[in-house]
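From first to last, the protein sequence lines are chains D and R. When we follow the working numbering, the leftmost residue of the first sequence carries the number 99, and every step to the right adds one. When we follow the working numbering, the leftmost residue of the second sequence carries the number 163, and every step to the right adds one.
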Amino acid sequence: MIRILFFAHLREETGQSEAEIEGAGKTIKQIKKEVVEQFHASRLDSAMTAVNEEFVPEDYRVKEGDVVAFIPPVSGG
Amino acid sequence: MERYSRQILFEPIGREGQKKLSQKHVLIVGTGALGSATAEILARAGAGRMTVIDRDYVEESNLQRQHLYSEEDARMRWPKAAAAEKRLGEINGLIDVNSIVGEADAALLEELAQEVDLILDGTDNFETRFLINDISQKYRIPWIFGACVGSFGMTYTIVPGKTPCLQCLLKQMPMQGLTCDTVGVIGPAVQMVAAYQAAEALKILTDHQEDLRPSFVSFDLWKNDHLEIKAGALKDESCLSCGAQPAYPFLSREARTKTTVLCGRDTVQVRPGKKRDMELSALALQWRRAGWNVEGNPYLLSIEKEDLRIVLFQDGRALIHGTKDEAMAKKIYQTLLG
Numbered sequence: 099m100i101r102i103l104f105f106a107h108l109r110e111e112t113g114q115s116e117a118e119i120e121g122a123g124k125t126i127k128q129i130k131k132e133v134v135e136q137f138h139a140s141r142l143d144s145a146m147t148a149v150n151e152e153f154v155p156e157d158y159r160v161k162e163g164d165v166v167a168f169i170p171p172v173s174g175g
Numbered sequence: 163m164e165r166y167s168r169q170i171l172f173e174p175i176g177r178e179g180q181k182k183l184s185q186k187h188v189l190i191v192g193t194g195a196l197g198s199a200t201a202e203i204l205a206r207a208g209a210g211r212m213t214v215i216d217r218d219y220v221e222e223s224n225l226q227r228q229h230l231y232s233e234e235d236a237r238m239r240w241p242k243a244a245a246a247e248k249r250l251g252e253i254n255g256l257i258d259v260n261s262i263v264g265e266a267d268a269a270l271l272e273e274l275a276q277e278v279d280l281i282l283d284g285t286d287n288f289e290t291r292f293l294i295n296d297i298s299q300k301y302r303i304p305w306i307f308g309a310c311v312g313s314f315g316m317t318y319t320i321v322p323g324k325t326p327c328l329q330c331l332l333k334q335m336p337m338q339g340l341t342c343d344t345v346g347v348i349g350p351a352v353q354m355v356a357a358y359q360a361a362e363a364l365k366i367l368t369d370h371q372e373d374l375r376p377s378f379v380s381f382d383l384w385k386n387d388h389l390e391i392k393a394g395a396l397k398d399e400s401c402l403s404c405g406a407q408p409a410y411p412f413l414s415r416e417a418r419t420k421t422t423v424l425c426g427r428d429t430v431q432v433r434p435g436k437k438r439d440m441e442l443s444a445l446a447l448q449w450r451r452a453g454w455n456v457e458g459n460p461y462l463l464s465i466e467k468e469d470l471r472i473v474l475f476q477d478g479r480a481l482i483h484g485t486k487d488e489a490m491a492k493k494i495y496q497t498l499l500g
């Protein structure tokens, strides 16, 4: 299992701030796709992804027990 | 130096740091909520020269979080940059503040880049941020990204040659509208981002680069989250903005944009291909004769007829209110100004 954290409007969209899914061995790209389907999050394409508090690229493969945070860039200022 | 005594007593700055600060030039792009806050902090701190740019004017709905502005500014529809310059001058008469009422486009930023030491992000859109990012890399000027919405905020300090750049972090420009400020924002989220930005700014301006925060910060003041994320792994040698063979894609792409939908404002900005110098008083007369309701100040005219409201600036830019339709906005602009 991996732990997934949602931030900003992703929370409102998915209705939760965190969740657990099977994801070990998959790439971030694959996980984003699954999360969009499973949690009805529409906006993951541009979300930055951190694994264990470190940004990773889309081809990064997650490991069992990883904490994956999706942080959508916001534009207001 | 007495007015800066508390800051001089702060050991990392001291007398030497204060002197360095007084010799630096900071560019603040956008003086909405974030830009207001960082500008005030740095003006009080004694940053020697500040240039502020903003394309918008003060409205009542700004006052909840944009600390430089007053009800009078909103009533007069004073351009934010000009109102900021006036207020900053009242706050600290020892520094040199220069305001630009206009669009932070590639040409203007390239011109200013020759003489600034730091760029602070006070914008509300990624189009301008990617432009700043390319300018920062091309002229080797650090810049401090900041953004917020609701109770959520984020900030990152980008130092050319050291950290990943915005392009490395985001890979692509986030789609317009996705993160628009339609859900509102609370003042504390603004002040938190601005505090991070201003602290980093003080470190850079007093030559304490070694103390810069290496992480990307993201927080939610309502949900009580705080994340510090390491970003080094995203530095991309093939990045077109900061990689081994940079092309600064946004500096050339930008020149084509003529209309921009302003985030969350139901407003489209129309820019003429070339800057114009408008005879505002003559236009006001002409439009009043045509039955329009025209108000104004030395910087702009606000024109109303039926459900249309248009604000025209001296440089020929216009804000068409009440629409998100760029084609329609362009048509209205052309009808008015030919």
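Don't be surprised by glycine CBs; every beta carbon is placed ideally from N, CA and C. Quick caveat, the model's predicted, so the values are computed rather than measured.
Would you mind telling me which residues of chain D sit closer than 8 Å to residue i, beta carbon to beta carbon, in chain order?
i, result
"P174 of chain R", "The contacting residues do not exist; P174 of chain R stays about 27 Å from chain D at best."
"V347 of chain R", "G174"
"Q476 of chain R", "Per Cβ cutoff of 8 Å: no residues; Q476 of chain R is ~24 Å from chain D at best."
"G264 of chain R", "Here the premise fails: no neighbours, minimum Cβ distance about 18 Å."
"G405 of chain R", "The premise fails here: G405 of chain R is roughly 14 Å from chain D at the closest Cβ pair, so nothing lies under 8 Å."
"D283 of chain R", "G175"
Can you tell me which of the options puts its alpha carbon nearest to the alpha carbon of residue i?
i, options, result
"L442 of chain R", "R:A205, R:L230, R:F378 and R:A480", "R:A480"
"S400 of chain R", "R:F378, R:M440, R:A393 and R:P326", "R:P326"
"G426 of chain R", "R:Q185, R:A363 and R:K486", "R:K486"
"F104 of chain D", "R:D477, R:F314 and R:I175", "R:F314"
"Q228 of chain R", "R:G435, R:S198, R:E202 and R:P241", "R:S198"
"M99 of chain D", "D:G113, D:E111 and D:I129", "D:I129"
"M440 of chain R", "R:K324, R:Y461 and R:N455", "R:Y461"
"V311 of chain R", "R:I482, R:L447, R:G349 and R:A406", "R:G349"
"D309 of chain R", "R:I215, R:G264 and R:G192", "Residue identity check: residue 309 of chain R is Ala in the sequence provided, not Asp. For A309 of chain R, the nearest C-alpha among the options comes from R:G192."
"Q276 of chain R", "R:L474, R:K186, R:V473 and R:D387", "R:K186"
"F378 of chain R", "R:I306, R:L474, R:D398 and R:W384", "R:I306"
"E488 of chain R", "R:D286, R:T422 and R:E468", "R:T422"
"T429 of chain R", "R:G484, R:G458 and R:R438", "R:G484"
"N137 of chain D", "D:A106, D:P170 and D:G113", "Residue identity check: residue 137 of chain D is Phe in the sequence provided, not Asn. Considering only alpha carbons, the answer is D:G113."
"V347 of chain R", "R:Q359, R:R375 and R:W384", "R:W384"
"I366 of chain R", "R:G500, R:L183 and R:E178", "R:L183"
"A361 of chain R", "R:N224, R:N295, R:L204 and R:A444", "R:L204"
Report the CB separation of residue i from residue j in whole angstroms; it is logged as a contact under 8 Å.
i, j, result
"V165 of chain D", "A395 of chain R", "Not confirmed; about 16 Å, so no contact."
"R249 of chain R", "L230 of chain R", "5 Å"
"Q226 of chain R", "G208 of chain R", "No, Q226 of chain R and G208 of chain R are not in contact; Cβ-Cβ is about 28 Å, not under 8 Å."
"L389 of chain R", "A167 of chain D", "7 Å"
"A139 of chain D", "L108 of chain D", "6 Å"
"R206 of chain R", "I253 of chain R", "6 Å"
"P336 of chain R", "Q299 of chain R", "Going by Cβ atoms, the distance from P336 of chain R to Q299 of chain R rounds to 19 Å, so no, they are not a contact pair."
"D477 of chain R", "K437 of chain R", "5 Å"
"L189 of chain R", "T213 of chain R", "5 Å"
"F412 of chain R", "F292 of chain R", "4 Å"
"A244 of chain R", "S261 of chain R", "5 Å"
In chain R, what lies closer than 7 Å to residue i by C-beta?
i, result
"H138 of chain D", "Ordered by position in chain R, no residue passes the 7 Å Cβ test against H138 of chain D, which lies about 16 Å from the chain."
"E152 of chain D", "I391, K392 and A395"
My output table needs one value for residue i: the three-state DSSP class, helix, strand or coil.
i, result
"G312 of chain R", "strand"
"I303 of chain R", "coil"
"G426 of chain R", "coil"
"A139 of chain D", "coil"
"F172 of chain R", "coil"
"M337 of chain R", "coil"
"L499 of chain R", "helix"
"Y166 of chain R", "helix"
"A106 of chain D", "coil"
"R438 of chain R", "coil"
"A480 of chain R", "strand"
"S173 of chain D", "coil"
"E466 of chain R", "strand"
"A491 of chain R", "helix"
"G458 of chain R", "strand"
Give a yes or no on whether the minimum CB-CB distance between residue i and chain C is below 9 Å.
i, result
"A148 of chain D", "Absent here is chain C; the protein component of the structure consists of chains D and R."
Just to make sure I have the definition right: I need the residues of chain D whose C-beta is within less than 9 Å of the C-beta of residue i. Which are they?
i, result
"K385 of chain R", "F105, R109 and S115"
"Q334 of chain R", "D143 and S144"
"C425 of chain R", "S173 and G174"
"L196 of chain R", "G174 and G175"
Please list, in chain order, the chain R residues whose beta carbon lies closer than 9 Å to that of residue i.
i, result
"V160 of chain D", "Near V160 of chain D there are no residues of chain R at all, since even the closest Cβ is about 14 Å away, more than 9 Å."
So with CB distances below 8 Å, who are the chain R contacts of residue i?
i, result
"I169 of chain D", "M316, S380, L389 and I391"
List the residues of chain D whose Cβ lies closer than 7 Å to the Cβ of residue i, in chain order.
i, result
"N287 of chain R", "S173"
"G192 of chain R", "G175"
Could you tell me which uninterrupted alpha helix (DSSP H) segments, each at least 4 residues in length, are contained entirely in the region 188 to 265 of chain R, listed from first to last along the chain? 195 to 207, 233 to 237 and 242 to 253
Every unbroken beta strand (DSSP E) within the region 266 to 302 of chain R, with a cutoff of 3 residues, ordered by chain: 280 to 283
Scan the region 115 to 159 of chain D and note each continuous alpha helix (DSSP H) run of 4 residues or more that stays entirely inside, going in chain order. Qualifying alpha helix (DSSP H) stretches, in chain order: 126 to 137.
Segments of 4+ residues assigned as alpha helix (DSSP H) that fall wholly inside the region 340 to 402 of chain R: Entirely contained in the region 340 to 402 of chain R, the alpha helix (DSSP H) runs reaching 4 residues are, in chain order, 349 to 367.
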